[in-house]
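Heads up, the thing below is written out as structure tokens.
Protein chains in written order, with the numbering used here: chain E, 1 to 243; chain G, 1 to 217; chain P, 1 to 217.
Here you go:
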């Protein structure tokens with residue numbers, strides 16, 4: 001048996017073409033039994049070598065086995081009444097593959113030729129009148145770039161562990177008690193909304209509300225319903241009694 | 001120094017992506033033609049001088065400059081305005097990474113609000129959103145029904161045209177990108193699994209179809 | 001076209017780091033000197049032809065190539081060895097056989113889906129397709145209308161530049177299958193046979209029979 005460097009083969013079709021050439025097999029009359037046997041020997045070798053391409057080779061091996069079994073059965077007939085050769089499809093695939101393999105050699109030739117060419121290397125020093133302002137638009141950005149960027153963002157976003165950060169509150173209850181009482185210096189009654197309107201942070205409103213409850217508990221303010229159901233009225237108390 | 005090396009020096013400076021030092025030129029020539037080729041930095045400077053005289057005589061649009069103790073090509077000053085026009089045209093078409101990120105998020109999550117974009121990117125995105133709006137790659141698509149009714153953004157026809165897509169659903173799904181971005185390790189594992197599965201079937205069919213196929217090991 | 005524009009064209013192409021299209025040259029000239037300057041793509045091609053003749057006559061080391069339907073300067077092939085010695089760019093690996101096979105299929109069958117590529121090659125092509133996308137040699141070109149709407153791929157301008165082609169149709173046509181079948185000699189298979197078959201046997205037989213055992217078949 002020839003020893004073949006398996007990693008030289010791009011895949012099962014490539015290996016089959018090699019057998020066909022080496023053994024001068026007529027591609028129309030592939031001895032499926034023999035070739036299957038040989039193919040399996042190599043598949044076993046690939047498995048031992050643990051090559052990453054093994055899966056594709058095994059898939060082909062099972063195709064060959066399938067053809068082999070069909071060869072033993074009576075031939076199927078196509079619509080023209082002619083016998084269908086179970087190997088026909090494989091032959092077609094082999095030829096088609098060979099066709100593109102040839103073209104990859106053409107490409108390889110173009111690659112070698114182009115590698116002998118060197119483009120101009122340094123463009124930055126060309127005298128240019130500076131473009132007035134830097135504008136941004138699209139160039140050399142593909143759909144793939146777009147999708148890749150999005151995928152990376154998603155990955156970054158999902159990687160972020162939920163962090164429960166304890167932020168120092170920007171306001172204290174004491175401060176807000178002072179704030180509320182300062183408002184009551186010129187009024188005896190105020191709507192709650194009127195003192196929280198304009199507050200940017202939610203936390204400030206919450207703290208103000210707590211400060212208000214504190215003031216009620218201390219007996220310095222009283223609460224009653226407002227005509228607006230979303231609001232209520234605060235009124236000043238003097239040691240628990242209305243001013 | 002041999003005549004041939006005038007052209008070699010010309011080619012080397014032409015293709016260098018940074019100012020090419022005389023020592024580098026000598027190194028390349030010695031590397032290819034052997035250490036005994038006689039060539040000095042003075043020879044190289046003379047060759048560059050000669051080349052520049054010829055460019056000037058033949059009225060070509062470029063010249064070799066001496067920069068940072070090396071040589072590099074530059075086009076002549078008098079063409080600067082044309083080059084400036086072209087390069088501004090080109091720079092117009094470059095999208096910054098930030099803009100690309102924002103565009104990707106809008107494309108995939110549209111319609112989407114600025115706060116949502118910002119929470120995905122983790123940075124303020126006012127500037128990039130404005131840029132993309134100006135370039136007509138995204139557009140305002142109404143308002144969200146959530147608190148504060150923030151503005152919703154989506155991509156435009158112009159966006160589709162640029163990327164050669166018929167509709168937004170033509171964008172590759174993150175799953176599809178995942179599939180082609182898999183690293184080799186992962187593929188290998190996948191193949192191993194496939195291998196085991198096929199192997200079993202294979203052995204079975206070998207047993208049943210008999211003959212000599214089983215005697216391969 | 002005025003004489004001056006020969007030099008402008010020279011400067012513009014010289015200063016471009018990617019194939020410069022005739023339309024871009026015309027746009028720059030119109031942008032600076034006004035829309036009424038008469039200049040056609042034919043004029044530009046003639047100017048490039050003239051420039052190349054002069055470079056050749058004056059035996060300069062570079063020439064203007066027609067690549068990806070644009071113009072790009074490159075050094076002449078004869079200096080490749082010196083340039084290769086210094087260049088880190090070109091010491092980069094060549095494309096793998098798998099990449100070339102996949103590119104050949106995409107180039108001739110574009111736009112094409114990954115399953116189609118895989119069925120032609122007989123191997124999983126995720127990794128190869130990703131490599132080619134990363135190298136910008138192929139690009140996503142929408143979706144097929146078939147079941148599952150798989151992504152379509154096609155080749156890029158970078159593909160043309162990489163292989164030094166002006167357009168896709170500059171590639172030789174693949175042979176017809178009938179023609180391949182008539183091959184008495186599957187040449188390439190023979191080459192492979194010579195290259196990598198029987199190394200061990202060869203060595204063994206050389207050891208045992210000595211002499212001219214080198215004829216392996």
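We treat Cβ as the ideally placed atom computed from N, Cα and C, and that holds for glycine.
Check	Outcome
Closest residue to residue 43(G) among 1(G), 141(G) and 166(G) (Cα-Cα distance)	1(G)
Burial state of residue 84(E) (16 or more Cβ within 10 Å)	exposed
Extent of the continuous alpha helix (DSSP H) to which residue 50(G) belongs	41-57
Residue nearest to residue 166(G) in terms of C-alpha spacing, selected from 161(P), 167(P), 163(P) and 144(P)	144(P)
Residue 12(E) and residue 56(E) closer than 8 Å at C-beta	yes
Backbone secondary structure at residue 70(P) - three-state DSSP	strand
Cα-Cα separation between residue 151(E) and residue 95(G), rounded to whole angstroms	18 Å
Chain P contacts from the stretch 108-123 of chain E (Cβ-Cβ distance under 7 Å)	108, 110, 111, 113, 114, 115, 116, 117, 118, 119, 120 and 123
Closer than 8 Å to chain G by CB, residue 86(P)	yes
Residues near residue 79(G) by beta carbon distance below 7 Å, same chain, minus five either side	61
Residue 125(E) in three-state terms, based on DSSP	coil
Own chain partners of residue 68(E) with C-beta closer than 8 Å, once the 5 adjacent residues on each side are dropped	32, 33 and 36
Helix, strand or coil at residue 121(P) according to DSSP, with G and I counted as helix	helix
Euclidean distance between Cα positions of residue 64(P) and residue 113(E)	15 Å
Chain E within 8 Å of residue 47(P), Cβ atoms only	no
Exposure of residue 87(P), with buried meaning 16 or more beta-carbon neighbours within 10 Å	buried
Cβ-based neighbour list, residue 173(E), same chain, cut-off 7 Å, excluding 5 preceding and 5 following	207, 210, 211 and 214
Option in 10(G), 17(G) and 39(G) with minimal Cα separation from residue 126(E)	17(G)
Nonlocal neighbours in the same chain, by C-beta distance under 7 Å from residue 137(E), ignoring five residues either side	Confidence at residue 137(E) is low in this model, with a pLDDT of 47, below 50, so its placement is unreliable and no value can be given for it.
Limits of the beta strand (DSSP E) - the one that residue 222(E) falls within	221-225
Enclosing beta strand (DSSP E) for residue 238(E) [first to last residue]	232-238
Proximity to residue 138(P) [Cα-Cα], best of 149(P), 99(P) and 32(P)	99(P)
Cβ contact check for the stretch 46-61 of chain G and the stretch 105-115 of chain P: 3 or more pairs under 8 Å	no
Separation of residue 39(G) from residue 12(G), as counted between CA atoms	15 Å
Backbone CA spacing between residue 128(E) and residue 57(P) [nearest angstrom]	29 Å
Pair within 8 Å by beta-carbon distance, residue 101(G) and residue 149(E)	yes
Where residue 87(P) falls: helix, strand or coil (DSSP)	coil
Alpha-carbon spacing of residue 48(G) relative to residue 5(G), whole angstroms	11 Å
DSSP state of residue 64(G) mapped onto helix, strand, coil	strand
Listed by chain order, chain P residues near residue 126(E) by CB distance under 7 Å	15
Cβ-Cβ separation, residue 180(G) to residue 107(G) (assumed contact under 8 Å), whole Å	Wrong, their Cβ atoms sit about 18 Å apart, outside the cutoff.
Min CB distance residue 87(E) to chain P below 8 Å	no
Short CB-CB distance (under 8 Å) between residue 190(P) and chain E	Reliability fails at residue 190(P), whose pLDDT of 48 lies under 50, so the model's placement of it is uncertain and the value that follows must be treated cautiously. Interface residue, yes.
Between the CA atoms of residue 81(E) and residue 20(E) - distance to the nearest angstrom	29 Å
For residue 141(P), the first and last residue of its enclosing beta strand (DSSP E)	138-143
Length of the line joining the Cα atoms of residue 14(P) and residue 74(G)	9 Å
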